[in-house]
Structures are given as structure tokens and as C-alpha cells.
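Trainee: Got a structure for you, written out below as C-alpha cells; questions coming shortly.
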Amino acid sequence: MQQKFGIKHFDFFPQTFCIPTEIDKLKEAWDSEPSPHQWILKPPASARGIGIRLLSKWSYVPKKRPYIVQKYLHNPFLINNSKFDLRIYVFVYSLKPLCVFVHEDGLARFASQKYSNSPRLVGNRFIHLTNYSVNRLNVEYIANTSEESCKGHKWSLKALWSYMRSQGINTDKVWADIKDVVVKTCLATESLLKAAVDTYCVSRFSVQELFGFDIFLDENLKPWLLEVNVSPR
Numbered sequence: 001m002q003q004k005f006g007i008k009h010f011d012f013f014p015q016t017f018c019i020p021t022e023i024d025k026l027k028e029a030w031d032s033e034p035s036p037h038q039w040i041l042k043p044p045a046s047a048r049g050i051g052i053r054l055l056s057k058w059s060y061v062p063k064k065r066p067y068i069v070q071k072y073l074h075n076p077f078l079i080n081n082s083k084f085d086l087r088i089y090v091f092v093y094s095l096k097p098l099c100v101f102v103h104e105d106g107l108a109r110f111a112s113q114k115y116s117n118s119p120r121l122v123g124n125r126f127i128h129l130t131n132y133s134v135n136r137l138n139v140e141y142i143a144n145t146s147e148e149s150c151k152g153h154k155w156s157l158k159a160l161w162s163y164m165r166s167q168g169i170n171t172d173k174v175w176a177d178i179k180d181v182v183v184k185t186c187l188a189t190e191s192l193l194k195a196a197v198d199t200y201c202v203s204r205f206s207v208q209e210l211f212g213f214d215i216f217l218d219e220n221l222k223p224w225l226l227e228v229n230v231s232p233r
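Here the UniProt record's numbering is used: position 84 in the sequence shown is 84, and no number is missing along the way.
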């Protein structure tokens, strides 16, 4: 996205590398920043937090197997001292022309232990990961069955906006910024998606897909795109 349109308007994606192809670029980026290092390792085509872990030493970086390595964002906006991310549902109705719908409701998914950026806690997945499949294994995890409740470790987007407004936050601005990330991401990938449709699909008129955008809000409420999931749960 940044290569195609410039970094000024596409500065919402953390520095990310595909290894082993970009291992040299990752090493250069790693060496250019002071310690402590914090990167997050993700296996490709995975889900539910499987295989995700934080890296703090270069020796821990796989050198030959395929992985995604992304700069860890260590300045989250916290609620009740806990980190969270947002799952935003995006329906691509068509590619020619590009037509995208952003669902007004989604999920806020919370880590089940209080946030800490201490190097000695870098391996604690209940602090740093927000995936439900990870945090439900914590004895401290609290389920939430109400769409309007601001309790537990999974809220509706509606409940999150209600909480934020009670704290004096301009949620219209936050939501507009999130939709801006969604639209720009779709525009940046439009040509790749169209090429795939032309190659693999008999009719371009029947091509539709639901995506799950995982969004991180930093301490200044700036949205960051962590990843986009196909056919999200």
C-alpha cells in the first residue's frame, strides 16, 4: 500500500516482513532500533492465535520456515488496564465496480490479563494476544453474552462506543478513521483481487467475500491494520 500510494496516507500498517524471502530486510530493520526488541511472529494462513508469539531476540527468529514478522505495537489504548483489538466485518459485494460494505457492529476482543510491556512478560500470551481462542483458556477469562454490556473480555462494537462516549471520546472520529483504513486497504488490493478473479472465476458477477479486519487502537486512538482475514468467524 505504501509503495503504491505513498506513506503519508497509508501509515496505518505496522512494519511487516515475509520470511525467509525478506529476512535480510527484517535484519536491517531489527538492527536499526534500540533494545528491547519486540516483534510478533505469525504463521501464514493460520487462525485462532495458533503459532503466534512475541520475539525479543534475533536468535528466536526462524530463518528458513515461512512466517510473517510484524513490528509489535506496544502503545495500546487501554480499557480497564487491558489491551484489546477490534474485529471489523467488511463485505466486498463486487470488484467491477468495487463495492464495499462495512458492518456497523463488530467485536472488541480483550486480553484477559492486565497489560504490561515488561520484557520479562513478553511470553505471556494472555497479556499480549487478544484472540478469543487463546484467552478462553485463561482461568481469569470472563464471557459476555450481552450486546450492550461493557463487562467481560468480548464486547460488541456498540458497547465499546457507549463506553468510549462515557469517557468523553469522539467515537464518530474513531469510526471514520477506521472506515478510512478499510477503504484504503480495499483500494490498494483491488488490482490483485481483480487479477485473481479473472484467473480463477468463471463469472466476475458472482464474486463476493466477507473479510474480517483486525484493527488496533494506539494510545492516541489511531487505528492500525494488523491483518485481514478471509471468511471470518
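Beta carbons: idealized from backbone N, C-alpha and C, even for Gly.
Would you decide whether Gln113 is buried or exposed? Buried here means 16 or more other CB atoms lie within 10 Å of its CB.
Mentor: Here residue 113 refers to the residue found at position 113 when the sequence shown is read from its first residue. Under this definition Gln113 is a buried residue.
Trainee: Pick out the complete alpha helix (DSSP H) segments inside the stretch 128 to 186, 4 residues or longer, and give them in chain order.
Mentor: Complete alpha helix (DSSP H) runs here, min 4: 132 to 135, 157 to 166.
Trainee: Determine the extent of the alpha helix (DSSP H) in which Leu210 is found, giving its start and end residues.
Mentor: The count along the sequence shown starts at 1 and reaches residue 210 at position 210. Element bounds for Leu210: not the alpha helix (DSSP H) but the beta strand (DSSP E), 209 to 217.
Trainee: Should Leu217 be labelled buried (16 or more other beta-carbon atoms within 10 Å of its own) or exposed?
Mentor: As a working mapping, residue 217 is identified with position 217 in the sequence shown. Around the Cβ of Leu217, a 10 Å sphere holds 16 or more other Cβ atoms; the residue is buried.
Trainee: What's the C-alpha gap between Val181 and Val230?
Mentor: Taking the first residue of the sequence shown as 1, we reach residue 181 at position 181. Taking the first residue of the sequence shown as 1, we reach residue 230 at position 230. About 17 Å.
Trainee: How many angstroms separate the CA atom of Ile50 from the CA atom of Asn131?
Mentor: As a position in the sequence shown, residue 50 is number 50, starting the count at 1. As a position in the sequence shown, residue 131 is number 131, starting the count at 1. Approximately 9 Å between the Cα atoms of the pair.
Trainee: By the DSSP assignment, the beta strand (DSSP E) with Lys42 in it spans what residues?
Mentor: As a working mapping, residue 42 is identified with position 42 in the sequence shown. Note, Lys42: beta strand (DSSP E), 39 to 42.
Trainee: May I have the straight-line CA-CA distance separating Trp161 from Lys57, to the nearest angstrom?
Mentor: What you label residue 161 is simply residue 161 of the sequence shown in a count that begins at 1. What you label residue 57 is simply residue 57 of the sequence shown in a count that begins at 1. Rounded to whole angstroms, Trp161 and Lys57 show a C-alpha spacing of 38 Å.
Trainee: DSSP three-state call for Ile50: helix, strand or coil?
Mentor: On the sequence shown, residue 50 is found 50 positions in, with the first residue counted as 1. Of the three classes helix, strand and coil, the one that applies to Ile50 here is coil, per DSSP.
Trainee: Would you check if the distance between the CB atom of Leu73 and the CB atom of Trp224 is smaller than 8 Å?
Mentor: Here residue 73 is taken as the residue at index 73 of the sequence shown, counted from 1. Here residue 224 is taken as the residue at index 224 of the sequence shown, counted from 1. Result yes, Cβ atoms of Leu73 and Trp224 sit closer than 8 Å.
Trainee: What's the C-alpha gap between Lys64 and Val228?
Mentor: Taking the first residue of the sequence shown as position 1, residue 64 is located at position 64. Taking the first residue of the sequence shown as position 1, residue 228 is located at position 228. Roughly 24 Å between the two C-alpha positions.
Trainee: By Cβ distance, which residues of its chain are closer than 7 Å to residue 305, with the 5 residues on each side in sequence left out?
Mentor: Beyond the ends of the chain as shown, which are 1 and 233, falls residue 305; an answer cannot be given.
Trainee: Tell whether a beta-carbon distance below 8 Å holds between Ile215 and Ile88.
Mentor: Within the sequence shown, numbered from 1, the residue matching residue 215 stands at position 215. Within the sequence shown, numbered from 1, the residue matching residue 88 stands at position 88. Cβ distance < 8 Å, so Ile215 and Ile88 count as in contact.
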